[in-house]
Amino acid sequence: LRWDPKRTWRGVSLRFVWAVLAFVLAAVMIGAGIAQRTVFQGPDAQTAQFDVEGDVPYVLIDGGAMTAVSGPQTLRVQGEGELFAAYGRTADLEAWLSDAEYAHVTADDTGTITTSTIAPAVPEPAETEVADEGEGADDAASADDAAAEEAAPGRNPVGSDLWLDEYQQADLLVAPLQLPADMSVLVAADGTEPAPTDLSVSWPIENGTPWAGPLIVGGAILMVIGLILYVLGIRHVRRSRGPRRKGLPLPATEPIDVAVDDPDKGVISSTPSRRAVGRGRRSMIAVPVVAASALVLAGCTADAWPDLAGTPTPSPTASVIVPEGQQSPAVTRPQAERIIERVAATVAEADEARDADLAATRLEGAPLAERETLYTLQEAIEDREGLPAFATTPLEVVLPQATEGWPRTFLAVVNDPEGTAATTMFLSQQDAWSDYKLTSYSYLEADTTLPDLAPVYVGATQVQPDSPFLIMEPQELSTAYADVINNGEDSEYASLFELDEDQFRIGVAADRQKRLDEFNETAESTGELTFSTEPGEEDPTALATLESGAIVAVTIQEIDTVQPTDDDAVIKLDNNPTVQTLTGVDESSEGFSTVYVDQLFFYVPGQGSSEKIRLLGYVSNILDAKVIE
């Protein structure tokens with residue numbers, strides 16, 4: 004065999020050179036990747052501290068200040084005790100704060116944030132004439148001054164229906180917020196104590212390192228390649244060694260197996276075989292490689308990698324064009340859900356306690372009147388059943404009025420899975436400080452199809468009672484339908500209504516005929532039972548639909564009258580505890596009248612439409628009973 008040192012030198016040098024280059028490049032790449040995630044990485048957020056001075060009960064952070072920097076906002080409120088924060092439309096918050104003193108945090112066009120104190124808008128006092136000047140007048144003036152100086156408790160903002168969302172806890176941290184410029188944030192304690200003054204808003208800063216991950220992983224791969232080249236170089240050096248020169252003659256000895264430890268042979272092996280050395284070194288080399296890879300990859304998060312997927316393109320959907328000049332919708336869908344839950348909870352509590360005053364905080368008009376009558380009957384009649392509880396979920400339809408003023412209204416349809424029919428309702432708010440109240444409701448018929456309605460983010464305009472753009476003015480609807488109930492197809496308004504599918508009208512006619520037949524079987528010779536229908540006392544509520552029509556809610560009153568036809572006859576209430584309770588008498592020689600209130604929802608088409616007025620839903624309950632005088 005012949006040893007070529009030149010060839011071996013070249014082969015070994017190339018492997019070691021490539022290994023060293025791989026090590027150097029791996030170190031550079033891993034170092035660059037780690038540096039991007041540590042020393043070279045900038046701050047991840049920009050924070051603005053709001054300095055609020057003075058003991059004001061409220062702080063209003065304007066939408067301009069919240070959006071002074073683009074991106075989602077993180078609100079931090081620190082102070083003592085329970086802290087409150089809510090957000091909503093700026094105009095709504097300013098209206099709610101119009102009679103109170105508050106600190107207003109704003110930002111100018113350059114992004115400079117300033118804070119100012121806004122005084123309450125106090126109406127000018129009415130002029131009064133002082134008839135007598137003297138001691139009496141001075142005492143009255145002193146009393147007025149003392150009353151003015153007395154600190155009245157502030158208005159607690161917790162639970163207002165005006166907020167789109169609210170938070171209450173100690174040391175508030177609200178994130179992330181995505182408020183536009185036309186929304187603001189209200190911060191307070193309880194409306195009486197001074198509002199917290201340690202306020203700040205943070206915005207995230209884009210400091211992603213999309214190439215940190217690839218650099219670290221690429222460096223780790225190069226490190227592994229360098230180690231492989233280094234091992235191959237060592238292996239090649241060992242295999243490429245030539246024959247060694249012979250030494251001096253040695254005396255003949257017995258062959259010794261150095262691979263076996265045997266004390267009897269006089270030689271103990273102190274080093275493992277070459278194969279064992281190779282395995283041991285490879286295992287020792289693999290450990291730091293795996294450990295290094297685990298360490299460098301442990302700190303790599305999603306923002307350490309490039310986004311190769313791209314931003315998904317949303318599929319096109321049908322859009323509704325907002326009419327020019329139309330205002331913002333009164334409520335959002337989550338806001339409507341929260342309001343309906345509060346109404347249902349309050350009414351359920353009032354039903355259990357039979358508390359009409361509590362019910363009046365969330366009911367108005369016919370819904371309140373029927374509950375007041377119910378509570379009176381339940382106090383006197385032990386087994387008198389109550390009215391069904393209002394369903395709250397699932398909320399199928401929300402149609403808010405598009406307005407920024409008051410009063411404001413929205414339509415909701417709740418499809419109770421445990422009930423027999425969906426519930427449609429109108430809820431109204433009279434001013435910025437009032438809660439929404441249920442003004443009318445009904446149960447939709449099983450086969451009812453609602454007309455096309457605007458989406459919740461667009462809203463609908465309120466149709467005025469005397470609007471000429473419908474085939475019938477809303478204020479005339481209850482009178483016309485009452486005439487249809489009284490006269491059926493002979494009514495002068497019958498041609499305007501869809502009578503064949505009107506189950507309410509058909510049911511009323513059948514019930515009246517049945518009761519009349521039963522009455523005539525025993526009392527036809529001594530008395531008479533008559534029926535009449537009148538328009539209700541409540542004003543109509545109407546919101547426009549997409550086909551230029553409107554959903555209109557009205558009430559009518561059904562009056563059942565029983566009178567004696569014989570001068571000696573007397574109407575007794577032996578089997579009618581309801582009328583007996585409401586009238587307070589057992590019999591009458593003049594007779595009785597019983598009033599039922601019907602809440603009705605109609606779809607009224609627009610002018611020029613070939614459709615007819617269609618009944619959507621109804622509910623009927625007893626309202627009152629009287630003795631005929």
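Going by our numbering, the sequence shown wraps up at 632, each residue one higher than the last. For every residue, glycine included, the Cβ atom is placed at its ideal position computed from N, Cα and C. These numbers come from a predicted model, not from an experiment.
On the three-state DSSP scale, how would you describe residue i?
i    : result
L189 : strand
P471 : coil
K629 : strand
F522 : helix
E152 : Here the model assigns E152 a pLDDT of 41, short of 50, so the residue's position is not dependable, and the following value carries that caveat. Three-state result, E152: helix.
K517 : helix
W409 : coil
Y393 : Residue identity differs from the one stated: residue 393 is Phe in this sequence, not Tyr. In the structure shown, F393 sits in coil (DSSP, three-state: anything other than H, G, I, E or B).
V299 : A caution first: V299 carries a pLDDT of 49, below 50, which makes its placement in the model unreliable, though a value can still be read off. V299 falls in the helix class under three-state DSSP.
A424 : coil
Y170 : strand
I224 : helix
D354 : helix
L618 : strand
Y439 : coil
T92  : Per the sequence presented here, residue 92 reads as Arg, with Thr not at that position. Three-state result, R92: strand.
P477 : helix
A372 : helix
N489 : helix
V20  : helix
R79  : strand
I64  : strand
G194 : coil
S498 : helix
Would residue i and residue j be called neighbours here (beta carbons separated by less than 9 Å)?
i    : j    : result
T77  : P179 : yes
L28  : G236 : no
L189 : L100 : yes
V459 : V401 : yes
A444 : T426 : Checking the sequence shown, residue 444 turns out to be Tyr, not Ala. Yes, Cβ-Cβ distance for Y444 and T426 is below 9 Å.
L96  : L165 : yes
A433 : S205 : The sequence as given places Gln at residue 433; Ala does not occur at that position. The answer is no: Cβ separation not under 9 Å.
D577 : D563 : no
L376 : T442 : Here residue 376 is Thr; the residue named in the question, Leu, does not match the sequence. No; because the gap between Cβ atoms is not below 9 Å, this pair is not in contact.
T581 : A463 : no
A333 : F413 : yes
G194 : R345 : no
A198 : Y378 : no
G530 : V565 : yes
G36  : E196 : no
A122 : P160 : no
Y606 : A553 : yes
Q516 : Q465 : no
Return the CA-CA distance between residue i and residue j, expressed in angstroms with no decimal places.
i    : j    : result
T395 : G34  : 59 Å
L390 : G66  : 44 Å
A30  : R40  : 15 Å
F604 : S187 : 36 Å
I219 : M226 : 10 Å
A70  : A51  : Before going on, a small fix: residue 70 reads as Thr here, not Ala. Each residue's Cα considered, the two are about 11 Å apart.
F26  : R241 : 22 Å
A3   : E479 : The question about residue 3 has no answer here: the residues shown for the chain are numbered 4 through 632.
R5   : A38  : With a pLDDT of 49 at R5, under the threshold of 50, the predicted position of this residue should be treated as unreliable, and no value is reported.
E327 : R411 : 20 Å
W409 : F429 : 15 Å
D450 : L626 : 28 Å
A68  : Y170 : 20 Å
A369 : V72  : 50 Å
G594 : T558 : 26 Å
G216 : Y233 : 26 Å
L167 : L366 : 22 Å
A362 : E382 : 16 Å
K615 : L502 : 9 Å
Specify whether the stretch 48-60 and the stretch 103-113 touch according to this definition: at least 3 beta carbon pairs, one from each stretch, less than 8 Å apart. A contact between stretches requires three or more CB pairs, one per stretch, nearer than 8 Å, and the stretch 48-60 meets this requirement with the stretch 103-113.
Can you confirm whether the stretch 458-472 touches the stretch 560-572 when touching is taken to mean that 3 or more C-beta pairs between the two stretches lie within less than 8 Å? no
Using 8 Å as the cut-off, can you tell me whether the stretch 606-623 makes contact with the stretch 497-511, which would need three or more C-beta pairs spanning the two stretches below that distance? Cβ pair count under 8 Å is three or more, so yes.
Which ranges does the beta strand (DSSP E) cover as unbroken runs of at least 3 residues, wholly within the stretch 535-610, from first to last along the chain? Counting only runs of 3 or more, we get 544-547, 553-567, 595-607.
Does the stretch 483-500 come close enough to the stretch 529-536 that 3 or more CB-CB pairs lie under 8 Å? Result yes; three or more Cβ-Cβ pairs closer than 8 Å.
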